[in-house]
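These notes are about the structure you will find just below.
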Amino acid sequence: MPSLHAYVPAAPEHDADWAFSQVRDELSGSNGVEISTTTNPFTKATDLKVVVDGTYHVTVFFESGEKADADLSTILGREVNGYARLRVLTAPDPELEYDFVQIQLLDRFERLGPVLVYGVDAEQVLTDTLGLTTA
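Just so you know, we're using our numbering here: the sequence shown kicks off at 171 and counts up by one.
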């Protein structure tokens, strides 16, 4: 399942509501897009579900603290602390019918301000305006 991560500095205003509003604002005007939130009954974590044309699914998670810091530290090969992450999982799209969704989200994430965007499948940093890969 393709995955995109956007890391931002942890801050009081960077919470799940903020993260989900970024995705809603970017995709809600598109035709055939349905957006809803769900809560995991076990972890009580909320995630955002996006369905395009009734068939293509995207799930967005927001995480901060140790888990986000540990994954970012692994990406960078050194320890970092104080980050939050938007984690986007998309359904397989072998015909590339819905690649516009990932492109729109990547464009949105690049406009968040200081951000590091990581393409998990490519194992590649796509954008780093935080300057973490040059430190």
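Cβ atoms here follow ideal geometry from the backbone N, Cα and C, with glycine treated the same way.
The structure presented is a predicted model; accordingly, all values stated were derived computationally and were not measured.
What residue from the options has the CA that sits closest to residue i's CA?
{"i": "Asp223", "options": "Phe212, Gly247, Ser198", "result": "Ser198"}
{"i": "Ser200", "options": "Thr297, Val271, Ala292", "result": "Val271"}
Within the same chain, show all residues whose beta-carbon is closer than 8 Å to that of residue i, passing over the 5 residues directly before and after it, in chain order.
{"i": "Pro179", "result": "Gly252, Tyr253, Ala254, Pro284, Leu300"}
{"i": "Asp269", "result": "Asp263"}
{"i": "Leu282", "result": "Ala176, Val178, Gln192"}
Mind checking residue i: buried by the 16 CB within 10 Å criterion, or exposed?
{"i": "Ile273", "result": "exposed"}
{"i": "Leu266", "result": "exposed"}
Suppose the cutoff is 6 Å on Cβ atoms and the five residues either side in sequence are ignored; what does the same chain contact list for residue i look like?
{"i": "Ala176", "result": "Leu256, Phe279, Val285, Val287"}
{"i": "Thr303", "result": "Val295"}
{"i": "Ser234", "result": "Ala180, Ala254"}
{"i": "Thr209", "result": "Thr216"}
{"i": "Glu204", "result": "Val221"}
{"i": "Thr297", "result": "Glu280, Val287"}
{"i": "His184", "result": "Val178, Ala254"}
Three-pair Cβ contact test at 8 Å for the segment 212-229 versus the segment 258-266: Taking 8 Å as the limit for Cβ pairs, the verdict is that the segment 258-266 does touch the segment 212-229.
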